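A.B. asks:
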Amino acid sequence: MRGCLQPARWLTTATLRRPLLSSQRLPAISCNQHPRLFHHSPIFQARQSSKPLSPVEERIDAIPIERYRNFCIVAHVDHGKSTLSDRLLELTGTIKAGENKQVLDKLDVERERGITVKAQTCTMLYNYEGEDYLLHLIDTPGHVDFRTEVSRSYASCGGALLLVDASQGVQAQTVANFYLAFAQGLTLVPVVNKVDLPSADPDRALEQMRSTFELDVDKAVLVSAKTGRNVQELLPSIIKNIPAPIGDATKPPRILLVDSWYSTYKGVILLTRIFDGEVKAGDQLVSFATGLKYIVGEVGIMYPNQTPQSVLRAGQVGYIYFNPGMKRSQEAKIGDTFTKVGCEKLVEPLPGFEEPKSMVFVAAYPVDSNDFPHLEESINQLLLNDRSVTMQKESSEALGAGFRLGFLGTLHCSVFEDRLRQEHGASIILTPPTVPCKIIWKDGEESIITNPSHFPEEDTLRVKVDELQEPYVLATITFPEEYLGRVMELCEANRGEQVSMEFFTATQVILKYQLPLAQLVDDFFGKLKGSTKGYASIDYEESEWRKSNVVKLQLLVNKIPVDAVSRVVHSSQTSRLGRQWVTKFKEHVERQMFEVIIQAAVGRNVIARETIKPYRKDVLAKLHASDITRRRKLLEKQKEGRKRLKAVGNVVIDHKAFQAFLAK
Ligand code: GTP
Numbered sequence: 013m014r015g016c017l018q019p020a021r022w023l024t025t026a027t028l029r030r031p032l033l034s035s036q037r038l039p040a041i042s043c044n045q046h047p048r049l050f051h052h053s054p055i056f057q058a059r060q061s062s063k064p065l066s067p068v069e070e071r072i073d074a075i076p077i078e079r080y081r082n083f084c085i086v087a088h089v090d091h092g093k094s095t096l097s098d099r100l101l102e103l104t105g106t107i108k109a110g111e112n113k114q115v116l117d118k119l120d121v122e123r124e125r126g127i128t129v130k131a132q133t134c135t136m137l138y139n140y141e142g143e144d145y146l147l148h149l150i151d152t153p154g155h156v157d158f159r160t161e162v163s164r165s166y167a168s169c170g171g172a173l174l175l176v177d178a179s180q181g182v183q184a185q186t187v188a189n190f191y192l193a194f195a196q197g198l199t200l201v202p203v204v205n206k207v208d209l210p211s212a213d214p215d216r217a218l219e220q221m222r223s224t225f226e227l228d229v230d231k232a233v234l235v236s237a238k239t240g241r242n243v244q245e246l247l248p249s250i251i252k253n254i255p256a257p258i259g260d261a262t263k264p265p266r267i268l269l270v271d272s273w274y275s276t277y278k279g280v281i282l283l284t285r286i287f288d289g290e291v292k293a294g295d296q297l298v299s300f301a302t303g304l305k306y307i308v309g310e311v312g313i314m315y316p317n318q319t320p321q322s323v324l325r326a327g328q329v330g331y332i333y334f335n336p337g338m339k340r341s342q343e344a345k346i347g348d349t350f351t352k353v354g355c356e357k358l359v360e361p362l363p364g365f366e367e368p369k370s371m372v373f374v375a376a377y378p379v380d381s382n383d384f385p386h387l388e389e390s391i392n393q394l395l396l397n398d399r400s401v402t403m404q405k406e407s408s409e410a411l412g413a414g415f416r417l418g419f420l421g422t423l424h425c426s427v428f429e430d431r432l433r434q435e436h437g438a439s440i441i442l443t444p445p446t447v448p449c450k451i452i453w454k455d456g457e458e459s460i461i462t463n464p465s466h467f468p469e470e471d472t473l474r475v476k477v478d479e480l481q482e483p484y485v486l487a488t489i490t491f492p493e494e495y496l497g498r499v500m501e502l503c504e505a506n507r508g509e510q511v512s513m514e515f516f517t518a519t520q521v522i523l524k525y526q527l528p529l530a531q532l533v534d535d536f537f538g539k540l541k542g543s544t545k546g547y548a549s550i551d552y553e554e555s556e557w558r559k560s561n562v563v564k565l566q567l568l569v570n571k572i573p574v575d576a577v578s579r580v581v582h583s584s585q586t587s588r589l590g591r592q593w594v595t596k597f598k599e600h601v602e603r604q605m606f607e608v609i610i611q612a613a614v615g616r617n618v619i620a621r622e623t624i625k626p627y628r629k630d631v632l633a634k635l636h637a638s639d640i641t642r643r644r645k646l647l648e649k650q651k652e653g654r655k656r657l658k659a660v661g662n663v664v665i666d667h668k669a670f671q672a673f674l675a676k
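Read in my numbering, the sequence shown has 425 at position 413, and its numbers run on one by one without any break.
1) Per DSSP, which residues does Cys84 bridge with? Please list them.
2) I think Gly312 touches Asn335, with their Cβ atoms under 8 angstroms apart; what is that distance to the nearest whole Å?
3) Using 7 angstroms as the cut-off, classify the Cβ of Ser94 as near or not near the heavy atoms of the ligand GTP, replying yes or no.
4) Hey, is Leu209 close to the ligand GTP, as in C-beta under 7 angstroms from one of its heavy atoms?
5) Relative to the alpha-carbon of Val521, which residue among Thr544, Pro528, Arg507 has its alpha-carbon at the smallest distance?
6) Whole angstroms is fine: what's the gap from Leu565's alpha carbon to Leu502's?
7) On the DSSP bridge list, what partners appear for Arg416?
8) In chain order, what residues of the same chain have a beta carbon less than 6 angstroms from the beta carbon of Thr319, not counting five sequence neighbours either side?
9) For the putative contact between Asp288 and Pro265, defined by C-beta atoms under 8 angstroms, what is the C-beta separation to the nearest angstrom?
10) Using the rule of at least 16 other Cβ atoms within 10 Å of the residue's Cβ for burial, across every protein chain shown, is Phe673 buried or exposed?
11) Look at Ala301 and Lys345 and say whether their C-beta atoms are less than 8 angstroms apart.
12) Measuring straight from C-alpha to C-alpha, what distance separates Arg216 and His386?
13) Could you spell out where the beta strand (DSSP E) holding Pro528 opens and where it closes?
14) Since Lys596 is in the alpha helix (DSSP H), which residue starts that stretch and which ends it?
15) Are the segment 505-513 and the segment 528-535 touching, with three or more C-beta to C-beta distances below 8 angstroms?
16) For Arg621, which option in Phe606, Ile85, Glu648, Leu589 has the closest C-alpha, if you only look at C-alpha atoms?
17) Would you kindly check if the distance between the Cβ of Ala172 and the Cβ of Ile267 is under 8 angstroms?
18) Throw me the rounded Cβ distance for the Ile440 and Ala487 pair, which I believe falls under 8 angstroms.
19) Please state whether DSSP places Lys677 in a helix, a strand or coil.
20) Could you name the residues of the same chain whose beta carbon sits closer than 8 angstroms to that of Thr623, not counting the 5 residues immediately before and after it, in chain order?
21) Give the DSSP-derived three-state secondary structure of Tyr274 in the structure shown.
22) Quick check on the DSSP output: the beta strand (DSSP E) that includes Val485 runs from which residue to which?
23) Taking Tyr191 as part of the alpha helix (DSSP H), name the residues at either end of that continuous run.
24) Using 7 angstroms as the cut-off, classify the Cβ of Ala193 as near or not near the heavy atoms of the ligand GTP, replying yes or no.
25) Go to Gln244, then tell me how far its alpha helix (DSSP H) extends in each direction, as first and last residue.
26) Given the structure, does Gln506 come close to the ligand GTP, in the sense that its CB is under 7 angstroms from one of the ligand's heavy atoms?
27) Is the distance from the Cβ of Gln183 to the Cβ of Thr490 below 8 angstroms?
28) According to the Cβ coordinates, are Ala232 and Val207 closer than 8 angstroms?
29) Using the three-state DSSP reduction, which class does Arg474 fall into: helix, strand or coil?
30) Note down, in chain order, each residue of its chain lying with its Cβ closer than 7 angstroms to the Cβ of Ser381, except the 5 sequence neighbours on either side.
31) So who's on the other strand from Gln510, going by DSSP bridges?
32) Among residues of its own chain, excluding the 5 on either side of Gln60, which ones have a beta-carbon nearer than 6 angstroms to its beta-carbon?
33) Using DSSP's beta-bridge definition, name the partner residues of Pro385.
34) With C-beta atoms as the reference, is Glu409 less than 8 angstroms away from Asp575?
35) List the endpoints of the continuous alpha helix (DSSP H) containing Pro320.
36) Cβ of Ala672 versus every heavy atom of the ligand GTP: is any distance shorter than 7 angstroms?
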């Protein structure tokens, strides 16, 4: 199985294109109530009622499914997918030239960071040799954390452009995404981008594609997405090479839910791929996953914004929302199949998607505890758009009520945090990322814990636990040979074990290492980039659980553990982290009227300690030296005061101290 980020079984296009077995073959007639669906087609009805269709709809209506092409662009991060998408949108007249940059990167965070996080889709109309074609482009993210988005997009496609930067050549994610697309039976069209760059070496890129992927590079198209050079050659190539989707508009509807997002006015909007049948406003749909029924309020295409249509037909990718709107995000289960009410028995639901697994966990708390309901609302809305995030409520003594969130990786996590801040203005405290830990109990049971507060206490560990394990990944790192020494050093320092080393051109190395995931989430990307001047790329897949000496490191303030800060870490990390914690925490805690002891500890074993001296209020300043009784009394009183303060809820630490401590 590929990737901690990669669900095991996806609905493959190969599966979809395979003819149905005779037992699966469904009658061309539709549900009881609707003897012939296409007689109910709104286009048909619109003609009958002479309701005018928009020019775009007129064109789409005349295009048979054989002239549909659903495709995506597969590439390593920054190789130019979004820029190329813009050019294709311009060439097909979907947007005006120079009108908008990176149309498909709709989220602010995407524009700011220049990365694609959410897969977006866009419909285009293209006239080739006198005939109109309906193209659906699905822009996919290239970063390793967003593998699920990529796979989800593939399920709606018949083919993909395999895009490689002419100066960088094949990179780690090109390799990983290629295998994903290949496994799903997608037809691949090789494209070399950025040929305008002085450092471009398209021949080398082509040779790498040929030797690494055994692709027929004679079909490759060399382009510059930036200048637009030769991009016009791509559309005919897509039409000639990528197969049309297979589907039957006369059958009962079979609608796959590919993605969803939330609109305040319309409720949940569903992005769907219609496999069979057609759907229009007024239809009553039922979800196979939940059994819930809805009345369709509007259907339409992304062109590139939501553009209402009177019908969506088999083969198309488009949006649907309901009236009354779907209010709860939980009802929109990605991978679910919808059909018309009454057709449930005639339709076999599509295999759907498996839930992605979260591998990196953080706790999130509102800065002001009164903001909790708002934070909850914000997270819920973001979850609508990003199903790969898991959420559980949790509460910490120090930080109050909050959430434990699970992500596919650290970039995924920081993008989510940015989106919370940008889209909802929520101000949050996030704990450092942690990875799960597996406990093998002496009675043979196994449990996986994602929250350090569930880690067994010392006594339980000794008596009941047989073994502790941590997740490992198989990392594939590519980089120029001159950095070999440094990369190996970095991997070894991060408890890595070398698996293999290959040269895929005279100067490029592919190094494979078994690495603990915990090390990988601890800014391994940053360190790798640092030691290779940014030339290395990395991809990883889930490998195995390995026996490991993991322990729970706690931060204690006057002997009381600060629950929000504890972490399960490898024992080799405790002294470095412990020292770091106490030094950093000391900086952010104000002096109190009594002594504050900050410790980092594993069980009863203290690893590091810092002390904050108390203010010593000089209560004796105004007294005459001989007044001994008065003197003693005052000192006693001061001591009492200190005791009381300590006893009352121990140390009162400002929220800001946690924020500053937890800030990266
Ligand atoms: P992700 O969404 O993060 O996966 O990136 P992407 O693959 O969509 O790349 P994007 O289109 O954002 O391009 C990355 C950078 O490369 C941008 O600065 C583009 O302007 C630049 N770029 C894209 N195509 C070309 C090209 O043909 N020539 C040159 N010189 N630069 C290009």
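Positions of the beta carbon are idealized from the N, C-alpha and C atoms, including for glycine.
These numbers come from a predicted model, not from an experiment.
C.D. replies: According to the structure data:
1) Ile150, Ala172
2) No, Gly312 and Asn335 are not in contact; Cβ-Cβ is about 13 angstroms, not under 8 angstroms.
3) yes
4) yes
5) Thr544
6) Rounded to the nearest angstrom, the two C-alpha atoms are 24 angstroms apart.
7) For Arg416, which the question treats as bridged, DSSP gives the partners Ala375, Gln404.
8) Gly312, Ile313
9) 6 angstroms
10) buried
11) yes
12) 53 angstroms
13) 520-528 is the extent of the beta strand (DSSP E) around Pro528.
14) 586-600
15) With the cut-off at 8 angstroms, the segment 505-513 and the segment 528-535 touch.
16) Closest in alpha carbon position to Arg621, among Phe606, Ile85, Glu648, Leu589, is Leu589.
17) no
18) Taking a contact as a CB-CB distance under 8 angstroms, the pair Ile440 and Ala487 does not count as one, their CB atoms being some 30 angstroms apart.
19) Residue coverage of the chain in this structure runs from 13 to 676, which leaves residue 677 outside it and unanswerable.
20) Glu607, Val608, Ile609, Ile610
21) Strand.
22) 477-492
23) 184-195
24) no
25) Per DSSP, Gln244 is not a residue of any alpha helix (DSSP H), being assigned neither H nor E.
26) First, the amino acid is wrong: residue 506 is Asn here, not Gln. Outside the cutoff, so no.
27) yes
28) Going by beta carbons, Ala232 and Val207 fall outside the 8 angstroms limit.
29) helix
30) Excluding positions up to five away in sequence, the list reads Gly412, Ala413.
31) Tyr525
32) Caution applies to Gln60, whose pLDDT of 48 falls short of 50 and renders its modelled position unreliable; the value that the coordinates give is listed next. No residues qualify anywhere along the chain.
33) Partner(s): none; Pro385 has no beta bridge.
34) Yes, the Cβ-Cβ distance between Glu409 and Asp575 is below 8 angstroms.
35) Not the alpha helix (DSSP H): Pro320 falls in the beta strand (DSSP E), residues 318-321.
36) Residue side-chain check: Ala672 keeps its Cβ at 7 angstroms or more from all non-hydrogen atoms of the ligand GTP.
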